[in-house]
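See structure below.
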Amino acid sequence: MNHESNMDETTILNHLRHLVSADSSNPVPTVTPEHPVLTYAAGVLRDAGCTVTLEDLGGGCVNLLAVRGEPQTLFNCHLDTVKPNPNWTRDPFTLSVEEGRAFGLGACDIKGAAACMLTVAQSSDAPIAILLTTDEEAGKGTCVEGFLAQQASRWSRVVVAEPTRAKAVFQHRGFTSFEIEFTGIAGHTSGADASPDSAIHKAIEWGNAALALTQPGGILEGNRFNIGLVTGGTASNVIASNAKVRFGFRPFPKPGAESNTTKCIQALHDLLPSDGSASWTDRFVGPALVRDESMVPIVKGWGIETGPDVDFWTEAALFAAGGLPTIVLGPGDIAQAHASDEFVEIDLLRACASAYASIVAVEAGASALAGGAHAP
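The sequence shown begins at 1026 in the working numbering and counts up one residue at a time.
Shown next, in the form of structure tokens:
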């Protein structure tokens, strides 16, 4: 089913221009319901006949829920972005359009999807529900988990926006992040006990043992294990009294993924020094999104192209863990997410808006999209 003719490219880009201009880079603990990115979206959705509710969960975590009618499917999109890196060659907060691409911070990840949702909401009077959040890039999950605690039973399924090239994705890997703090005994490196007393040496030994688990036959084989940050010590002639290691892995999306993740975590924990000189902290444990077979015929009925499993993590897994069948569907390519001069292809914006419109149309009946009473 194709509703692309209703999806005006100019309208999508106009919304995206406003969204990009509002700096919502995370972590921003000061984000409130009065933030420009939220007030703009709320205004558009109210004008489209939606009832808009904003909930401030504190710490920069704000939920915006817009509902019109009694829809069964909930659309979800995060409005926060990463910080712009120093290698941008253009203003990250000014949308620029060149050669079929729209450049701007968050254009790909994932304000482009929000612009599509706003456009679809304006294009009809059909029932629609959109949840916009502000803490995804901070890795908190507070917005989604807080929402699910109150309203999970209200919806039958969820479509989460992340860059999938406008194709429906049923599965993705999980994501975990941990920190270990090793302690040692500071001293002069001329001493015979320099090596066993060093916190950094302990960290290196643990890291080597952990990497061994990624080899063929190891419990971490294929789980994309990565040691991303190592800090500690003061000088080359001082035994390090402290060291920190941040690391994580991405579990396979398959039945039993949660149990496998638990076993992997335990295996890494078992490698810690037995003398109590290391402390472990869970920073984030996000489950894998495992295919819900009930969504396959639904997506087919929506007339949306399906895509392969992806390796990046999304909050779709949180909705699924909360008992809601969920897919991932958004414009853009993950290769552009978090990149310098981030962009989204305009063709993918139009394709995604058309896909979202198809979902709304199938649920409401295609005739509901014939008017577009709220279109600008």
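Glycine included, each C-beta is placed from N, C-alpha and C at the ideal position.
What you are looking at is a predicted structure, and each value in this text was computed from that prediction instead of being measured.
> According to DSSP, is W1180 helix, strand or coil?
Replying inline: Here W1180 sits in coil by DSSP.
> Once you ignore the five residues that flank A1313 on each side, which residues in its own chain have a CB closer than 7 Å to its CB?
Replying inline: Its chain contains H1197, R1198, G1199, P1276, F1277, P1278, A1282 and A1342 as the residues whose beta carbon lies nearer than 7 Å to that of A1313, once the 5 sequence neighbours on both sides are disregarded; these appear in chain order.
> In or out: G1216 buried (at least 16 other Cβ within 10 Å) or exposed?
Replying inline: Under this definition G1216 is an exposed residue.
> What distance in whole Å lies between the Cβ atoms of M1032 and A1382, which are believed to be in contact at a cut-off of 8 Å?
Replying inline: Yes, they are in contact, since the Cβ atoms of A1382 and M1032 sit about 6 Å apart, within 8 Å.
> Quick one: Cα of G1243 to Cα of A1237, how far?
Replying inline: Straight through space, the alpha carbons of A1237 and G1243 are spaced by roughly 7 Å.
> In terms of residue numbering, what span does the alpha helix (DSSP H) encompassing A1403 cover?
Replying inline: Missing from the structure shown is residue 1403; the chain here goes from 1026 to 1401 and no further.
>> Tell me which residue opens and which closes the beta strand (DSSP E) that E1123 is part of.
In response: Bounds of the beta strand (DSSP E) holding E1123 are S1121 to E1123.
> Just checking my contact of L1104 with T1064 at CB under 8 Å: how many whole Å lie between their CB atoms?
Replying inline: So it is not a contact: roughly 11 Å between Cβ atoms.
> How is A1191 classed by DSSP in three states: helix, strand or coil?
Replying inline: Looking at A1191 - three-state DSSP - the assignment turns out to be coil, as it is neither helix nor strand.
> Should the segment 1144 to 1152 be called in touch with the segment 1048 to 1063, which here means at least 3 C-beta pairs below 8 Å?
Replying inline: The segment 1144 to 1152 makes no contact with the segment 1048 to 1063: fewer than 3 CB pairs, one atom from each, lie closer than 8 Å.
> From S1178, A1265, E1230 and A1360, pick the residue whose C-alpha is nearest to that of G1212; which is it?
Replying inline: Ranking S1178, A1265, E1230 and A1360 by Cα distance to G1212 puts A1265 first.
> Since G1326 is in the alpha helix (DSSP H), which residue starts that stretch and which ends it?
Replying inline: Membership of G1326 in the alpha helix (DSSP H) is indicated by the continuous run M1320 to W1327.
> G1164 and F1309: beta carbons closer than 8 Å?
Replying inline: Against a cut-off of 8 Å, the Cβ pair of F1309 and G1164 comes out as a contact.
>> Please report the straight-line C-alpha distance between F1128 and F1118, rounded to a whole angstrom.
In response: Taking the straight line joining both Cα atoms gives about 9 Å.
> Counting along the chain, where does the beta strand (DSSP E) carrying H1363 start and finish?
Replying inline: That residue, H1363, is in no beta strand (DSSP E); it is neither H nor E in DSSP.
>> Check for me: the beta strand (DSSP E) holding V1145 runs from which residue to which?
In response: Note, V1145: premise wrong, no beta strand (DSSP E); alpha helix (DSSP H) at G1137 to Q1147.
> Is DSSP giving N1233 helix, strand or coil here?
Replying inline: In this structure, N1233 counts as helix in the three-state DSSP scheme.
> For the beta strand (DSSP E) that C1102 lies in, which residues bound it at each end?
Replying inline: C1102: member of the beta strand (DSSP E) spanning T1098 to H1103, first to last residue.
>> Would the segment 1344 to 1354 count as touching the segment 1214 to 1231 if we require 3 or more Cβ pairs under 8 Å?
In response: Output reads no: the segment 1214 to 1231 does not touch the segment 1344 to 1354.
>> Is it buried or exposed, K1192, if we count other Cβ atoms within 10 angstroms and call 16 or more buried?
In response: Answer is buried; the Cβ neighbour count reaches 16.
> Considering only the beta carbon of each residue, do N1267 and G1257 sit closer than 8 Å?
Replying inline: Yes, they are a contact pair.
> Can you tell me where the beta strand (DSSP E) with R1093 in it begins and where it stops?
Replying inline: R1093 -> beta strand (DSSP E) spans C1086 to R1093.
> Do A1367 and A1066 have their C-beta atoms closer together than 8 Å?
Replying inline: As written in the sequence, residue 1367 is Glu, which differs from the Ala given in the question. Remark: C-beta atoms of E1367 and A1066 do not approach each other more closely than 8 Å.
> Beta-carbon separation of L1130 and T1106 under 8 Å?
Replying inline: Cβ distance < 8 Å, so L1130 and T1106 count as in contact.
>> Among the candidates D1072, D1150 and A1177, whose CA atom is the shortest distance from the CA of A1346?
In response: Considering only alpha carbons, the answer is A1177.
> In chain order, what residues of the same chain lie with their CB nearer than 8 Å to the CB of G1348, ignoring the 5 residues before and after it?
Replying inline: A1177, listed in sequence order.
>> So, at 7 Å on beta carbons, what are the nonlocal neighbours of G1332 in its own chain, with the 5 sequence-adjacent residues on each side left out?
In response: If the five residues before and after G1332 are omitted, its C-beta is found closer than 7 Å to the C-beta atoms of T1189, R1190, K1192, A1193 and V1194, all from its own chain and listed in chain order.
> What is the DSSP secondary structure of A1395, counted as helix, strand or coil?
Replying inline: Legend: pLDDT at A1395 = 46, less than 50; position of this residue unreliable, value from coordinates given subsequently. Here A1395 carries a coil assignment [DSSP, helix/strand/coil].
> Looking at the structure shown, is E1029 part of a helix, part of a strand, or coil, going by DSSP?
Replying inline: Interpretation of E1029 is limited by its pLDDT of 45, a score under 50 that renders its predicted location unreliable; the figure taken from the coordinates is listed afterwards. If DSSP states are grouped into helix, strand and coil, E1029 belongs with the helices.
> Hey, would you say W1168 sits closer than 8 Å to C1086, going by beta carbons?
Replying inline: According to the sequence provided, residue 1168 is Cys. The question's Trp does not apply to it. Their beta carbons are under 8 Å apart, which means C1168 touches C1086 by this criterion.
> Alpha carbon to alpha carbon, how far is S1392 from P1096?
Replying inline: A caution first: S1392 carries a pLDDT of 43, below 50, which makes its placement in the model unreliable, though a value can still be read off. The alpha-carbon atoms of S1392 and P1096 are separated by roughly 16 Å.
>> I need the DSSP call for S1202, collapsed to helix, strand or coil.
In response: Here S1202 sits in strand by DSSP.
> Near E1330, what residues of its chain come up, given a Cβ to Cβ distance below 6 Å and the 5 sequence neighbours on each side ignored?
Replying inline: Hits under 6 Å: K1192.
> In terms of residue numbering, what span does the alpha helix (DSSP H) encompassing I1290 cover?
Replying inline: In the DSSP assignment, I1290 falls within the alpha helix (DSSP H) that extends over A1282 to H1294.
> Who are the Cβ neighbours of L1079 in its own chain at under 6 Å, not counting the five residues just before and after it?
Replying inline: In the same chain as L1079, and ignoring 5 residues on each side of it, the C-beta atoms closer than 6 Å to its own belong to P1058 and L1089, in chain order.
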